[in-house]
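This is how it looks when you write it as structure tokens:
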């Protein structure tokens, strides 16, 4: 449960005007105040009333859901204030627009970025099409992942299929960088299995003797379990690992 926001995340600053460069903007910041530290702001002050909840039913079905979900921040509407996008494991994700003065407004439906009916895991705000506004990417356990292009005003249009990210694996998070120096952002996405073997098979069916067999050369994992287990021989000890 998120009950407050630490002001260090979204520090209010005195600043000069934005300086425009070919592919980015920057400005010099002069933080207010002389003291360092954090100030806890509660939800009744900020209007950020976000909770990420996982039902017992879903936990029993897939313990990967206990890994939680991601959050990203950035200025989605170009007003110079940092907005917040939260992912949810169950239910809709939420986009909060920063109104200034540590007040936020839920604009999820208006922006079109709810990502309903999926287990959202990670998210990134980044300008993937080079038009000087922040686009939104979301990963989901079991899919679908999502790519939303920003029109510059905080209105988003889904372009997942066109972007080639219609995956249904156990995506958890991603990172973006121009790895080949061609001026375009490339994506590195991390994936896990959709479900653990412990959630698929009962204990009686995944004991060592029922998942492996002895061969002429040693031991091997049975074919139906090869996507879950690997074997490793340490001296005289044979170990089995889920991967």
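In my numbering, the protein residues as written are -12 to 230.
Just so you know, even glycine gets a beta-carbon here, dropped at the ideal spot from N, CA and C.
Taking C-beta separations shorter than 7 Å and ignoring five residues to either side along the sequence, the partners of residue 176 in its chain run 126, 158, 161, following chain order.
Here DSSP, grouped into helix, strand and coil, assigns residue 31 to helix. Under the three-state reduction of DSSP, residue 101 is assigned to coil, being neither helix nor strand.
Distance from the CA of residue 38 to the CA of residue 113, rounded to the nearest whole angstrom, comes to 24 Å.
The segment 77 to 86 and the segment 5 to 21 do not touch, with fewer than three beta-carbon pairs separated by less than 8 Å.
In the assembly as shown, residue 111 is a buried residue. Its beta-carbon has 16 or more other beta-carbons within 10 Å. Less than 8 Å separates the beta-carbon of residue 134 from that of residue 152. Counting the other Cβ atoms within 10 Å of the Cβ of residue 108 gives 16 or more, which makes it buried.
If you look at residue 15, you'll find it isn't in any beta strand (DSSP E); DSSP assigns it neither H nor E. DSSP, read as helix, strand or coil, puts residue 90 in strand. Counting the other Cβ atoms within 10 Å of the Cβ of residue 100 gives 16 or more, which makes it buried.
In the structure shown, residue 132 adopts coil according to DSSP, grouped into three states.
Across the set 145, 148, 118, the C-alpha of 118 shows the shortest separation from the C-alpha of residue 139.
Comparing C-alpha distances from residue 214 to each of 229, 170, 220 shows the shortest one belongs to 229.
Note on residue 59: 16 or more other CB atoms within 10 angstroms of its CB, so buried under the neighbour-count rule. Out of 62, 47, 55, the CA that lies nearest to the CA of residue 12 is found in 62. Ranking 150, 34, 22, 106 by CA distance to the CA of residue 174 puts 150 first. CA-CA distance, residue 90 to residue 26, rounds to 15 Å.
Per DSSP, the unbroken beta strand (DSSP E) holding residue 207 starts and ends at 205 to 208.
As for any alpha helix (DSSP H) of minimum length 4 sitting wholly inside the segment 147 to 191, the runs are 147 to 150, 184 to 187, ordered along the chain.
Following the DSSP letters along the chain, one finds residue 144 inside the beta strand (DSSP E) bounded by residues 143 to 145.
In its chain, beyond the 5 residues on either side, 165 have a beta carbon closer than 7 Å to the beta carbon of residue 171. Annotation: residue 142 to residue 72 spans about 14 Å, alpha carbon to alpha carbon.
A direct Cα-Cα distance of roughly 8 Å separates residue 131 from residue 156.
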